[in-house]
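Asker: Structure provided below as structure tokens; questions to follow.
Have a look at this one:
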């Protein structure tokens, strides 16, 4: 296990250097000018543009900018917001707990509901419940997140009045349930479908037949033998899914006014603060890489075949 | 030279129903390629027929929106039509779906908005398939250090979620068109296809017919494109078809965030975002673009599902 962890950590280094370099490349080298883009359609005032570029050190040689950028990432400097010159890291650390809570809640919803629904429909393949699941998940996958968010907000918030349409207190878990459902809905559909296919495939496996033949109770066959083996592809999916959750958080937090990182990023996009957006994205990508690493390590704990491969 | 690829296909992947029939008849010229086998299977599936018809309609709308409405989608009359209610009896007229907050016909905007979605979806899919297919083919076929470089590169691109990365790329464009969105999504999305293609090529290149082609003196290019490609492309097509719907939803999300398409371009995402301001008084302004968008994504995902079932016999 120790060797696996060490190898996995070493593999992270080139990926870390590569992804951050890629973000730098996208901001600084690609045609287009993120500073000039802050003026929108209007032609930027050349004096202001030069001053702003100088302030954000866009006028230095590229290699110097890259070194500064990497130095900043290592020391936790992701730039400053334009409006009140707050360090991006401050904004993030303030908002991060809310986003983590929201993401974990969404994650829990998609695992519990997704695996549960997938298990039942996989066991009853071809029955009414299974067909219903296929149709419902197809619908969930096709409705884009902004639309789904507004449908839920209107139905549950305004028409039924179960919750307030927007979140009043982002620290109150109960108010985060609706945004979390919206955030997790797409992945929930994928998890349900994946579990269903996996269960339906494994139920014919020899080890399941053996377990039934030796007289194990049904609950034990399904719980210990079938479900555990069927969850392996689901865990793989959940690892890559964190990126989707972080992207989705921008939309969900924007709609429901959850004061998290996604909302701050949403505001930065709305205010056309290009450089701030890049800082946020760099941070989120680092979180994504770290989360992926943790999931991989957990995965190795769950499945010995990965560890010794 | 005998067409080895053709026979390989028919022998390797028979459909459960037709495989038996083909074996009983045992006429080699009747053996179907994977493509025509899949096509025979698809034609009988209602889901495929419905989604294909829907997509055909969408493509026609995208190519010639003028056929469906004669109203200018950008012409707004605030005094006469500010948030005008829909008249559902007035089929195909300007007020069929009502008017938006700027007094523009929602019906006309829904029709004209199809083009951006369809163009982005198809171009991004074609783009990622070409770039990812080529890189995956090269990595899988040559192996060794070429494979190492390409695989590490895909790892790097994989570390950046598509939506987050697109934010950074699109940020730099002052005026964004359909092509800037296509560029951003292709630049970040190709790695998925590379991985699928690479895996597929690695399996296929060990097949006997590849060795046979080599022994007969076929060149690298010929082996790659005439022998391996037709046999390795199926999983790529499956992933690409399913991803298409996702790209359309992503374009709408980016436009909704205000960082995708911009105003002269008509996009459902932009319309959804502007309709949200009047959601209480005029829910119909949100309903129609959102409904069309969902229907479009649904059609492409259903098509992808049907194609996967037809091309991947293991899942049957």
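Residue numbers (full-length UniProt numbering), protein chains in the order written: chain D, 1 to 309; chain E, 1 to 316. The C-beta atom is built at its ideal place from N, Cα and C for all residues, glycine as well.
With 8 Å as the C-beta to C-beta threshold (strictly closer), list the residues of the segment 148-163 of chain E near chain D in chain order.
Answerer: So the close ones are 152, 153, 155, 156, 157, 159, 160, 161, 162 and 163.
Asker: Whole beta strand (DSSP E) runs in the segment 209-296 of chain E with 3 or more residues, listed along the chain?
Answerer: DSSP runs (the beta strand (DSSP E)) wholly in the segment 209-296 of chain E: none.
Asker: Excluding five sequence neighbours on each side, which residues of the same chain lie with their C-beta closer than 8 Å to the C-beta of residue 138 of chain E?
Answerer: Within the same chain, residue 138 of chain E has close Cβ partners 146 and 150.
Asker: Under a Cβ-count criterion, where at least 16 other Cβ atoms within 10 Å of its own Cβ denotes burial, should residue 175 of chain E be classed as buried or exposed?
Answerer: With fewer than 16 Cβ atoms within 10 Å of its Cβ, residue 175 of chain E is classed as exposed.
Asker: Give the residues from the segment 175-195 of chain E that approach chain D closer than 7 Å (Cβ to any Cβ), ordered along the chain.
Answerer: Taking 7 Å as the Cβ-Cβ cut-off against chain D, the residues of the segment 175-195 of chain E that qualify are 175.
Asker: For residue 111 of chain D, which residues of its own chain have a beta-carbon under 6 Å away from its beta-carbon, when the five flanking residues on both sides are left out?
Answerer: Closer than 6 Å at Cβ, skipping near neighbours: no residue.
Asker: Should residue 304 of chain D be labelled buried (16 or more other beta-carbon atoms within 10 Å of its own) or exposed?
Answerer: Classification of residue 304 of chain D: exposed, given that the 10 Å Cβ count is below 16.
Asker: Within the 8 Å Cβ cut-off, does residue 135 of chain E reach chain D?
Answerer: Judged by the 8 Å Cβ criterion, residue 135 of chain E is not in contact with chain D.
Asker: Does any residue of chain E bring its CB to less than 8 Å from the CB of residue 270 of chain D?
Answerer: Closer than 8 Å to some Cβ of chain E, the Cβ of residue 270 of chain D qualifies, so yes.
Asker: Just by C-beta distance, which residues in the segment 294-306 of chain E are closer than 9 Å to chain D?
Answerer: Going along the segment 294-306 of chain E in chain order, one finds 294, 295, 296, 297, 298, 299, 300, 301, 302 and 305 with a Cβ nearer than 9 Å to chain D.
Asker: Label residue 256 of chain E either buried or exposed according to how many other C-beta atoms from any shown protein chain fall within 10 Å of its C-beta, with 16 as the threshold for buried.
Answerer: Buried is the call here.
Asker: Given this structure, state the Cα-to-Cα distance separating residue 91 of chain D from residue 264 of chain D, to the nearest angstrom.
Answerer: Computed Cα separation, rounded: 8 Å.
Asker: Which residues in chain E have a C-beta closer than 7 Å to the C-beta of residue 143 of chain D? List them in chain order.
Answerer: Within 7 Å Cβ-Cβ: 294.
Asker: List the residues of chain E that residue 236 of chain D touches, going by C-beta distances under 9 Å, in chain order.
Answerer: Under the 9 Å cutoff, chain E gives no residues; its nearest Cβ is about 13 Å from residue 236 of chain D.
Asker: For residue 101 of chain E, which residues in the same chain have their Cβ closer than 8 Å to its Cβ, ignoring the five residues on either side in sequence?
Answerer: 82, 83, 274, 275, 277, 278, 282 and 285, listed in sequence order.
Asker: Please tell me whether residue 256 of chain E has its Cβ less than 8 Å away from any Cβ of chain D.
Answerer: Answer yes: the Cβ-Cβ gap between residue 256 of chain E and chain D drops below 8 Å somewhere.
Asker: Mapping the DSSP letters down to three states, classify residue 112 of chain E as helix, strand or coil.
Answerer: Helix at residue 112 of chain E.
Asker: With three or more beta-carbon pairs closer than 8 Å as the criterion, would you say the segment 244-253 of chain D touches the segment 140-151 of chain D?
Answerer: Because the criterion of three Cβ pairs below 8 Å is met, the segment 244-253 of chain D and the segment 140-151 of chain D touch.
Asker: DSSP puts residue 387 of chain D in a beta bridge; with which residues?
Answerer: A question about residue 387 of chain D goes unanswered here, because the residues of chain D that appear run from 1 up to 309.
Asker: Roughly how many whole angstroms lie between the Cα atoms of residue 301 of chain D and residue 234 of chain D?
Answerer: Whole-angstrom Cα-Cα distance: 15 Å.
Asker: Give a yes or no on contact between the segment 96-105 of chain D and the segment 175-185 of chain D, applying the rule of three or more CB pairs nearer than 8 Å.
Answerer: Segments in contact, yes.
Asker: I want to verify the contact list: residues of chain E whose CB lies under 8 Å from the CB of residue 154 of chain D, in sequence order.
Answerer: Neighbours of residue 154 of chain D on chain E, chain order: 279 and 283.
Asker: Distance check for residue 158 of chain D and residue 142 of chain E, CA to CA, integer angstroms please.
Answerer: About 59 Å.
Asker: Excluding the 5 residues preceding and the 5 following residue 61 of chain E in the sequence, name in chain order all residues of the same chain whose CB lies nearer than 7 Å to its CB.
Answerer: So the qualifying residues of the chain are 68, 111 and 114.
Asker: Sorted by chain position, which residues of the same chain lie with C-beta nearer than 6 Å to residue 28 of chain E's C-beta, five sequence neighbours on each side aside?
Answerer: Legend: pLDDT at residue 28 of chain E = 48, less than 50; position of this residue unreliable, no value from coordinates given.
Asker: Starting from residue 265 of chain E, find everything on chain D with Cβ-Cβ shorter than 7 Å and list it in chain order.
Answerer: Those do not exist, as residue 265 of chain E stays about 13 Å from chain D at its closest Cβ, beyond 7 Å.
Asker: Could you say which of D:193, D:202, D:80 and D:67 lies nearest to residue 129 of chain D if we only look at CA atoms?
Answerer: For the residues D:193, D:202, D:80 and D:67, the minimum Cα distance to residue 129 of chain D belongs to D:193.
Asker: Roughly how many angstroms separate the alpha carbons of residue 395 of chain E and residue 260 of chain D, rounded to a whole number?
Answerer: Past the edges of chain E, shown from 1 to 316, lies residue 395 of chain E, and the structure says nothing about it.
Asker: Rank D:256, D:287, D:14 and D:155 by C-alpha distance to the C-alpha of residue 241 of chain D and give the top, closest one.
Answerer: Ranking the options by Cα distance to residue 241 of chain D, first place goes to D:287.
Asker: Anyone know if the C-beta pair for residue 310 of chain D and residue 165 of chain E falls short of 8 Å?
Answerer: The structure shown has nothing for residue 310 of chain D, since chain D only spans 1 to 309.
Asker: Using three-state DSSP, classify residue 107 of chain E as helix, strand or coil.
Answerer: Reduced to three states, the DSSP call for residue 107 of chain E is helix.
Asker: From residue 238 of chain D to residue 215 of chain E, what distance separates their C-alpha atoms?
Answerer: If I take the Cα positions, the gap works out to 45 Å.
Asker: What does residue 36 of chain D reach in chain E if we use C-beta pairs closer than 8 Å?
Answerer: The answer, in chain order, is 174.
Asker: If the cut is a Cβ gap below 7 Å, which residues of chain C does residue 79 of chain D touch?
Answerer: The structure shown contains no chain C; its protein chains are D and E.
Asker: Using 8 Å as the limit for Cβ to Cβ distance, is residue 261 of chain D near chain E?
Answerer: With 8 Å as the cut-off, residue 261 of chain D does not count as an interface residue toward chain E.
Asker: Taking just the CA atoms, how far does residue 252 of chain E sit from residue 48 of chain D?
Answerer: Cα-Cα distance, rounded: 33 Å.
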